[in-house]
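Accompanying notes for the structure given below.
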Amino acid sequence: MPAIPLAAGGGIVSGRIVRRDAGGAGSRSAARSGDRSGAEGRNGAGGGQPGQPGLDFELRVRRGGFALRAAAAVRPGEVLGIIGANGSGKSTLLGAISGTHRIEAGRVVLDGRPLVSRATGVRGVEVARSGRRIALLDQRSRLFPHLGARANIAFGPRAQGVPRREADAVAEEWLGRIGLAGRGGAREPQLSGGQQQRVAIARALAAGPRALLLDEPFAALDVTSRAELRSLVAQELRRLGIPGVIVTHDPTDLLALADRVLVLEAGEAAQLGTVAEVLDAPATPFAAELTGRVLLAGTATGAGTLRPAAAPLDELRGVGELPAPGEPAVASYPPGELRIAPLAPQSGAVPKSRDRGSAGVWWVGEGEKEKAPTPAPALEAAANREAGGGNPRTNAWTGTIGAVSAEAAGLRVDCAEWPGAWARLPLSGAPPAWIAPGTRVRFALDPAVVRFAAPGG
Numbered sequence: 002m003p004a005i006p007l008a009a010g011g012g013i014v015s016g017r018i019v020r021r022d023a024g025g026a027g028s029r030s031a032a033r034s035g036d037r038s039g040a041e042g043r044n045g046a047g048g049g050q051p052g053q054p055g056l057d058f059e060l061r062v063r064r065g066g067f068a069l070r071a072a073a074a075v076r077p078g079e080v081l082g083i084i085g086a087n088g089s090g091k092s093t094l095l096g097a098i099s100g101t102h103r104i105e106a107g108r109v110v111l112d113g114r115p116l117v118s119r120a121t122g123v124r125g126v127e128v129a130r131s132g133r134r135i136a137l138l139d140q141r142s143r144l145f146p147h148l149g150a151r152a153n154i155a156f157g158p159r160a161q162g163v164p165r166r167e168a169d170a171v172a173e174e175w176l177g178r179i180g181l182a183g184r185g186g187a188r189e190p191q192l193s194g195g196q197q198q199r200v201a202i203a204r205a206l207a208a209g210p211r212a213l214l215l216d217e218p219f220a221a222l223d224v225t226s227r228a229e230l231r232s233l234v235a236q237e238l239r240r241l242g243i244p245g246v247i248v249t250h251d252p253t254d255l256l257a258l259a260d261r262v263l264v265l266e267a268g269e270a271a272q273l274g275t276v277a278e279v280l281d282a283p284a285t286p287f288a289a290e291l292t293g294r295v296l297l298a299g300t301a302t303g304a305g306t307l308r309p310a311a312a313p314l315d316e317l318r319g320v321g322e323l324p325a326p327g328e329p330a331v332a333s334y335p336p337g338e339l340r341i342a343p344l345a346p347q348s349g350a351v352p353k354s355r356d357r358g359s360a361g362v363w364w365v366g367e368g369e370k371e372k373a374p375t376p377a378p379a380l381e382a383a384a385n386r387e388a389g390g391g392n393p394r395t396n397a398w399t400g401t402i403g404a405v406s407a408e409a410a411g412l413r414v415d416c417a418e419w420p421g422a423w424a425r426l427p428l429s430g431a432p433p434a435w436i437a438p439g440t441r442v443r444f445a446l447d448p449a450v451v452r453f454a455a456p457g458g
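Each residue of the sequence shown is one higher than the last, beginning at 2 in my numbering.
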């Protein structure tokens with residue numbers, strides 16, 4: 002049975018065509034999808050078991066030399082965000098769930114119904130793409146150009162055997178819901194990009210899918226349309242009580258839509274957590290760049306600290322859980338929180354009083370004695386030893402300014418002795434003259450702003 006083209010991004014709502022007198026999915030109530038509350042999904046945790054409502058997957062996909070392994074559970078009304086660098090496997094994962102890509106091993110279960118179940122040496126189950134009842138949309142609306150908005154939305158119910166009058170009534174209801182009441186006759190060229198995507202979303206959901214997959218659906222829209230479409234999708238997923246999965250490169254999509262985030266890196270699940278956990282404590286370079294944090298790699302010490310790689314500090318203190326001693330771990334911090342102070346008095350180049358200000362730099366005036374910023378009392382260590390110029394109690398160390406470069410967000414100041422560690426100064430004012438390559442300085446990073454994470458956690 003061929004797939005029914007109903008949505009953008011591959012244009013499919015997977016679902017079998019059912020005669021109206023057969024009941025079930027072909028009825029008007031199924032086409033309209035009801036008004037099931039998904040509030041419990043907004044707070045749901047991951048790792049569900051097959052047989053539970055929602056979407057559950059644990060799979061391995063191989064395409065040429067690329068392999069993907071990922072697992073998660075998405076409860077009704079919940080949205081899982083998928084992020085990762087280009088080529089990390091995001092679209093491949095959506096294809097494996099929707100049926101576009103064949104999985105090598107694992108399972109995909111939707112509302113307790115196995116869509117795919119395959120193990121080595123065991124004859125498995127595989128429901129064709131046309132029978133999965135999964136909607137997939139990307140940034141292109143893919144509306145039928147010869148049909149108006151109403152007919153596009155009514156196409157799904159009509160394909161499922163709903164009479165034209167009922168299907169048109171469903172479409173009119175959706176037109177009102179997406180803010181296009183009275184525009185049912187408008188065809189694709191008569192609609193803006195945001196309006197076209199609204200119709201595409203309504204067309205997908207009017208067919209009564211049991212899950213919605215979104216592949217950067219707002220990427221081609223203007224800022225205003227993006228905000229409106231995010232609100233629409235969030236509202237409808239909660240109202241219908243179906244799980245959603247969104248692939249995105251925009252952290253705003255995560256904040257507005259997602260409950261949890263799965264981070265992919267080179268085909269592997271590098272991190273799975275709530276939006277706050279991933280944005281505050283990223284575990285991969287891509288996630289750190291997306292959230293504007295600096296990522297430092299190292300290993301866990303077993304004493305609640307991180308031993309950074311190739312760094313002037315023996316230990317880095319921070320907040321968060323670490324893996325077992327000796328296991329790889331990462332730490333991240335906002336670059337504006339790394340403080341810098343000159344070792345030697347700088348005549349006329351800096352303010353006369355200590356100033357942390359908004360510059361992200363802590364420095365001293367002429368003739369004043371340098372004093373490192375005080376860390377949060379709760380994070381004070383019992384010991385305060387100096388090793389190699391570093392103070393593990395306050396995350397302070399002596400180093401040299403490396404490269405200094407202007408970026409859109411501010412002035413980047415690198416630490417020459419610690420590859421990957423850098424501070425950001427705002428461009429609101431001229432930096433002091435000593436902010437220059439080769440200057441010996443004191444770096445300090447408050448442990449309270451450092452967040453630990455374990456890759457793959």
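All C-beta atoms in this analysis are idealised placements derived from N, C-alpha and C, irrespective of residue type, glycine included.
- Spatial neighbours of F219 in its own chain (CB-CB distance under 6 Å, excluding positions within 5 residues in sequence) are listed in chain order as R227, L230.
- Taking all protein chains in view, the Cβ of P244 is crowded by 16 or more other Cβ atoms within 10 Å, so the residue is classified as buried.
- For E105, same chain residues with a beta-carbon under 7 Å away, outside a window of 5 residues either side, are R61, V62, R63 in chain order.
- Looking only at P438, L213, T285, the smallest Cα-Cα distance to R76 is reached by L213.
- Rounded to the nearest angstrom, the Cβ distance from G400 to A417 is 6 Å, consistent with a contact under 8 Å.
- DSSP lists no bridge partner for R130.
- A Cβ-Cβ separation of about 14 Å leaves L56 out of contact with A259 under the 8 Å criterion.
- P432 is classed as buried because its beta carbon has at least 16 other beta carbons within 10 Å across all chains shown.
- Within the DSSP bridge table, the entry for G78 names no partner.
- The three-state reading of DSSP puts A454 in strand, counting E and B together.
- By the Cβ-count criterion, A150 is buried, with 16 or more other Cβ atoms from all chains shown falling within 10 Å of its own Cβ.
- Per the Cβ contact rule, the stretch 191-203 is not in contact with the stretch 125-133 (fewer than 3 Cβ pairs under 8 Å).
- Inclusion of L69 and V246 in the CB contact set at 9 Å is not warranted, their separation being larger than that value.
- Across the structure, S406 and L446 are spaced so that their CA atoms are roughly 20 Å apart.
- Scanning the stretch 159-227 from its first residue to its last, the whole alpha helix (DSSP H) runs of 4-plus residues come out as 165-178, 194-207.
- The beta carbon of A86 is closer than 6 Å to those of F287 in its chain, skipping five residues each way along the sequence.
- Two segments are said to touch when three or more pairs of C-beta atoms, one from each, lie closer than 8 Å; by this definition the stretch 315-331 does not touch the stretch 421-428.
- Contact between A207 and P158 holds: their C-beta atoms lie close to 6 Å from each other, under 8 Å.
- In terms of Cα proximity to A221, the closest of I154, L297, H250, L148 is H250.
- Where T300 is concerned, the enclosing beta strand (DSSP E) starts and stops at 295-301.
- Apart from the 5 residues on each side of it in sequence, A289 sits with its Cβ closer than 6 Å to the Cβ of P283, L296, S333 in its chain, given in chain order.
- P438 is the residue among N396, P438, W398 whose C-alpha sits nearest the C-alpha of L412.
- The Cβ-Cβ distance between A168 and A155 falls below 9 Å.
- At the C-beta level, L307 and L291 stay beyond 9 Å of one another.
- Of R294, D315, G293, the smallest CA-CA separation from A301 is found for D315.
- Closest option to A449, judged by alpha-carbon separation, among R184, P335, A97, E237: P335.
- Using a Cβ distance threshold of 9 Å, W419 and P343 do not count as a contacting pair.
- DSSP, read as helix, strand or coil, puts S92 in helix.
- Within the same chain, and ignoring the five residues on either side of G107 in sequence, the residues whose Cβ sits closer than 6 Å to its Cβ are E59, L60, R61.
- Secondary structure of D281 (DSSP, three-state): helix.
- In this chain, the alpha helix (DSSP H) harbouring F287 covers 286-292.
- Excluding its 5 nearest sequence neighbours in each direction, P115 has C-beta neighbours in its own chain below 6 Å: V126, listed in chain order.
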